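Working notes, beginning with the structure itself.
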Amino acid sequence: MNKIFISLLFIFTFLMSFSQDCFQASKTNWGNDSLECRKNVSLYSEFMKQKVFADAAIFWTKTQNYCPKYKPNLYANGAYIYKNIIKIKKKEKSSQVNLYFDSLYLVYDQWILNFGICDEIKADMAKDIITLSDRKKFNKAYELYREVFQNSPQITSYSDIKYFFVYGAKTLYKKNIISCDQLLADYDMLSQVCDNNISNGIKVDKYSKIQELLDKEVSPCASCDKLEEIYTSKHNADPENMALTKKIFERLSSNKCTESSLYLNLLDKVLNDPNNPPSAKDLYNAAVANYKRKEFSKAEKRFNRAIDIADDENLKQKIYEILYDIAFNKNQYKKALSIAGKFADPCAASDKKARIVASSSSKYGTSAFNKSLIYCLALNYASKSCGKTSTNAISSWKGQLLPKSELIMLDIKSGSIQQVPFWGQNVELKTRD
């Protein structure tokens, strides 16, 4: 049966044209015995709705025998039935799983035989192979997906990109079946699909996350030297294309190639072209590179420029995270507290505030009492962090509080309201005992 599957795929892949009816609904063909066809369509459909898949498979087979050109949907339903049977058999750890895989592939063979081949069928078949973990067929799934993304990327989804690259291309690369160059070529092709969807406002969050996944998964092959070689060639072929220039700039930044000569050459061009002002993402990428090189002043300026024009709240939140770290590392306590107040997550904001207040004790805790007040304020913020502030930090801060005995000597009551030095906030005075 596997031989039938492979041979039919080979034959129909090279057809000069697709059938327009291979996936979409077509005129109903009841076959030579319309009565039997109608009866068995009704029976398999009802069992399928009830999720009684074993019985649905019996009457689906009879339907296919009586009226093989009934509708393309007959084969979509057949694939659905056998996919569910395979899942059930896998849970049962049945020895018959491979037989049902053969049946699933036979459904696709008959679909192609009766309605021709089209990219929608290829995509469905590839997805089934991967989601059902038929690892023996991952090579075939990769080939099918590659044809789909080359010919009809518009019919794919963000999940198809994940299946194709992570479970197809990456798996074959690990087995030395495809080369690094091929993996990078697939990465570039899929990145363009992500770019197109993002620029057209199609599921921006989903495709942005998939692009991050691609950047992560391609890393074994994405040495900066290799990426620079690929993208230098692309840039030199069309140096005035700012859309391409920005994409290359973003790819190099995403893969941390911010020291490459190509990245540095593109930097000023991307950020200072009056006819093509930089996007918030362009400024963010440049600022991240500055941050990693510890060029904090440049980074802050570019991050703030990005915030001014950004519509993406997720991007703004990423920027606030880094700006907070810069202020924290530069001991800019009040600035860091202000930035923390811009976090969308109030629990994370409270944690950040607790940390920066506690860190100020080394400079403004000029006495044991003042230090104790600062840690009281830090603990107050930590109590609102929903557990984000670590227990070790909280224990350490509590250990810095004065004991009751020392407050008695200072003639100060525990639980009284005191003003915290430097911060100018009032806080309830607590002790460590």
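As numbered in this note's numbering, residues 4 to 436 make up the sequence shown, in order.
All C-beta atoms, glycine included, are put in the ideal place defined by N, C-alpha and C.
Here the structure is a predicted model, which is why all the values come from computation and not from measurement.
Reference residue i, options the options, closest by Cα
i       : options                               : result
Ser-362 : Pro-349, Lys-345 and Asp-328          : Asp-328
Trp-33  : Glu-49, Lys-54, Ser-282 and Lys-65    : Lys-65
Ala-313 : Lys-284, Ile-233, Ala-246 and Ser-365 : Lys-284
Ile-115 : Ala-246, Arg-138, Lys-249 and Pro-75  : Pro-75
Lys-173 : Lys-30, Glu-39, Ser-160 and Asp-189   : Asp-189
Ala-373 : Gly-344, Ser-106 and Thr-434          : It is Asn, not Ala, that sits at residue 373 in the sequence shown. Measuring from the Cα of Asn-373, the nearest candidate turns out to be Thr-434.
Val-406 : Leu-376, Asn-307 and Gln-422          : In the sequence as displayed, the identity of residue 406 is Pro instead of Val. Comparing Cα positions, the closest option is Leu-376.
Asp-127 : Leu-187, Leu-340, Ile-164 and Lys-366 : Ile-164
Val-196 : Phe-167, Val-360 and Lys-301          : Phe-167
Tyr-287 : Arg-254, Gly-344 and Asn-43           : Arg-254
Asn-200 : Val-273, Asp-414, Gln-27 and Tyr-161  : Tyr-161
Ala-246 : Leu-269, Cys-227 and Cys-224          : Leu-269
Lys-30  : Asp-36, Ala-60 and Tyr-73             : Tyr-73
Lys-139 : Ile-158, Asn-101 and Lys-125          : Asn-101
Tyr-336 : Asp-311, Ile-133, Ser-365 and Gln-214 : Ser-365
Phe-67  : Asn-87, Lys-42, Cys-227 and Ile-322   : This sequence places Gln at residue 67; Phe is not what is there. Taking only the C-alpha atoms, the option nearest Gln-67 is Lys-42.
Tyr-294 : Glu-316, Lys-272 and Ala-330          : Ala-330
Cys-25  : Lys-96, Gln-185, Asp-276 and Pro-71   : Pro-71
Pro-156 : Lys-125, Tyr-170 and Thr-134          : Lys-125
Ile-158 : Ile-205, Lys-249, Glu-49 and Met-51   : Ile-205
Gln-113 : Trp-63, Ala-59 and Asp-241            : Trp-63
Ala-347 : Lys-321, Lys-333, Asn-334 and Asn-332 : Lys-321
Met-412 : Lys-96, Ala-371 and Lys-237           : Ala-371
Trp-426 : Ser-37, Ser-419 and Tyr-378           : Tyr-378
Rounded C-alpha distance that separates residue i from residue j
i       : j       : result
Gly-368 : Pro-424 : 8 Å
Lys-219 : Asn-258 : 8 Å
Val-430 : Gln-403 : 16 Å
Glu-39  : Tyr-69  : 7 Å
Ile-342 : Ser-353 : 11 Å
Pro-281 : Leu-217 : 24 Å
Leu-109 : Lys-177 : 29 Å
Lys-349 : Ser-202 : Inspection of the sequence shows that residue 349 is occupied by Pro rather than by Lys. Their backbone Cα atoms lie some 31 Å apart in a straight line.
Phe-56  : Ser-98  : 18 Å
Lys-209 : Ile-325 : 23 Å
Lys-130 : Gln-27  : 18 Å
Ala-351 : Ser-136 : 39 Å
Ala-302 : Asn-80  : 55 Å
Lys-54  : Tyr-148 : 29 Å
Ile-213 : Leu-186 : 16 Å
Asn-278 : Lys-272 : 11 Å
Asn-87  : Ser-45  : 19 Å
Glu-243 : Ala-60  : 58 Å
Asn-179 : Arg-296 : 36 Å
Asp-311 : Glu-215 : 24 Å
Ser-516 : Leu-318 : Residue coverage of the chain in this structure runs from 4 to 436, which leaves residue 516 outside it and unanswerable.
Asn-239 : Glu-146 : 31 Å
Asp-438 : Ser-408 : The first residue shown for the chain is 4 and the last is 436, placing residue 438 beyond what the model contains.
Spatial neighbours of residue i in its chain, beta-carbon cut-off 6 Å, leaving aside the 5 residues before and after
i       : result
Thr-16  : Only weak support is given to the placement of Thr-16: the predicted model assigns it a pLDDT of 41, under 50, and the value that follows is read from those uncertain coordinates. No residues qualify anywhere along the chain.
Val-221 : Tyr-190
Lys-401 : Arg-435
Val-207 : Ile-201
Leu-340 : Lys-356 and Ile-359
Leu-410 : Ser-417
Leu-12  : With a pLDDT of 43 at Leu-12, under the threshold of 50, the modelled position of this residue cannot be trusted; read the value that follows with caution. So the list is empty, once near-sequence residues are dropped.
Phe-299 : Ile-329
Ala-144 : Ala-129, Ile-132, Ile-133 and Gly-171
Thr-235 : Leu-265
Same chain only: Cβ atoms within 7 Å of residue i, ignoring 5 sequence neighbours per side
i       : result
Ala-357 : Ala-381, Tyr-384, Ala-385, Ser-388 and Thr-392
Ile-181 : Ala-172 and Leu-175
Ile-14  : Model confidence at Ile-14 stands at a pLDDT of 38, short of 50, so the residue's coordinates are unreliable and nothing is read from them.
Rounded distance between the beta-carbons of residue j and residue i, thought under 8 Å
i       : j       : result
Tyr-47  : Ala-82  : Not really, about 13 Å apart at Cβ, beyond 8 Å.
Ser-106 : Tyr-78  : With 8 Å as the limit, Ser-106 and Tyr-78 do not qualify as a contact, their Cβ atoms being about 12 Å apart.
Ala-309 : Ala-290 : 7 Å
Cys-224 : Cys-183 : 4 Å
Lys-345 : Tyr-323 : 5 Å
Asp-198 : Lys-250 : 6 Å
Below-8 Å beta-carbon distance, residue i vs any chain D residue
i       : result
Pro-281 : In the structure shown, chain D does not exist; there is a single protein chain.
Residues of its chain near residue i, where Cβ-Cβ distance is below 8 Å and the 5 sequence neighbours each way are ignored
i       : result
Ile-397 : Leu-382 and Ala-385
Gln-428 : Leu-380 and Gln-422
Phe-141 : Ile-132, Ile-133, Tyr-170, Gly-171, Thr-174 and Leu-175
Ser-256 : Tyr-266, Asn-288, Ala-289, Val-291 and Ala-292
Thr-248 : His-238, Pro-242, Leu-269, Lys-272 and Val-273
Residue i beta carbon near the ligand ADP (any heavy atom closer than 7 Å)
i       : result
Asp-137 : Only the bare structure without any ligand can be found here, which leaves the ligand ADP out of the picture.
| Between the region 249-266 and the region 231-239, are three or more C-beta pairs nearer than 8 Å? | Because the criterion of three Cβ pairs below 8 Å is met, the region 249-266 and the region 231-239 touch.
| message | Quick check: the region 189-206 against the region 151-158, are at least 3 beta-carbon pairs closer than 8 Å? | response | Judged by Cβ distances under 8 Å, the region 151-158 makes contact with the region 189-206, as three or more pairs qualify.
| Quick check: the region 89-100 against the region 115-126, are there 3 or more CB pairs under 8 Å? | The region 89-100 and the region 115-126 do not touch, with fewer than 3 CB-CB distances between them shorter than 8 Å.
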